[in-house]
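This report refers to the structure that appears directly beneath it.
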Amino acid sequence: MKIYLDTCIYCRPFDDQSQDRIEKETKAFIEILKLAEIGKVAIVSSDVLIDELEEIIDSRKSSEVREFITICNEHVELSEEIIKLARSIEDECKITGADALHIASSAETKYFITCDGFILLKDECINNFMKKRGYSVEVISITEFMGDKKIWE
4 MKIYLDTCIY
14 CRPFDDQSQD
24 RIEKETKAFI
34 EILKLAEIGK
44 VAIVSSDVLI
54 DELEEIIDSR
64 KSSEVREFIT
74 ICNEHVELSE
84 EIIKLARSIE
94 DECKITGADA
104 LHIASSAETK
114 YFITCDGFIL
124 LKDECINNFM
134 KKRGYSVEVI
144 SITEFMGDKK
154 IWE
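Numbering-wise (our numbering), the sequence shown opens with residue 4 and increments by one.
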């Protein structure tokens, strides 16, 4: 199963772990990395993701995040098709900029996994829009992906 992890997922281990939600999301991310290592999921990266991660100023955080990226099995290059799809997502669901580009880059995966509250508020619009366009990708929270449903099994 191919999945795409939003930038915020890779950065979650560096956020304030004293908050329950953040701690759960961090643990879920580590579990996803383990699933990728044993071949249960294939993580897809993109030019958009790499560009955002390269903007990390903290050298320790940047180094560790780059290490996380090495587990990705596939890479999606930015193309005119992705840009057009991102613009359509922007128009339809009011998701802008890099967020729309990430979602468009994940079009050929099963899940776009995020902890971004704004994107999650728009998940129904995004999921319906992508289905209408013939894509099966579904926006989902990281805790839902790793939660009771065990979607990855």
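All C-beta atoms in this analysis are idealised placements derived from N, C-alpha and C, irrespective of residue type, glycine included.
Cutoff 8 Å; reference residue i; Cβ partners in own chain excluding five residues on either side
i, result
"His105", "Tyr7, Asp9, Thr10, Ser49, Val51, Leu52 and Phe115"
"Lys113", "Met4, Lys5, Ile6, Ser139, Val140 and Glu141"
"Lys27", "Thr146"
"Asp61", "Phe17"
Same chain only: Cβ atoms within 6 Å of residue i, ignoring 5 sequence neighbours per side
i, result
"Met149", "Ala31 and Glu34"
"Asp126", "Val142"
Close beta carbons around residue i, own chain, < 7 Å, minus the five adjacent residues each side
i, result
"Val68", "Tyr13, Cys14, Leu56 and Ile59"
"Lys64", "Phe17"
"Cys96", "Lys125, Cys128, Ile129 and Phe132"
Burial state of residue i, where buried means 16 or more other Cβ atoms lie within 10 Å
i, result
"Ile145", "buried"
"Thr29", "buried"
"Asp102", "buried"
"Ser66", "exposed"
"Ser109", "buried"
Rounded Cβ spacing between residue i and residue j (contact assumed at less than 8 Å)
i, j, result
"Val44", "Leu38", "5 Å"
"Ile165", "Ile98", "Absent from the model: residue 165. The displayed extent of the chain is 4 to 156, so no value can be given."
Review point. At what residue ranges does the stretch 77-155 contain a whole run of the beta strand (DSSP E), taking only runs of 3 or more?
Key: 77-79, 114-117 and 141-144
Exercise for review: Examine the Cβ distances between the stretch 81-97 and the stretch 123-140 and report whether three or more of them are shorter than 8 Å.
Suggested key: yes
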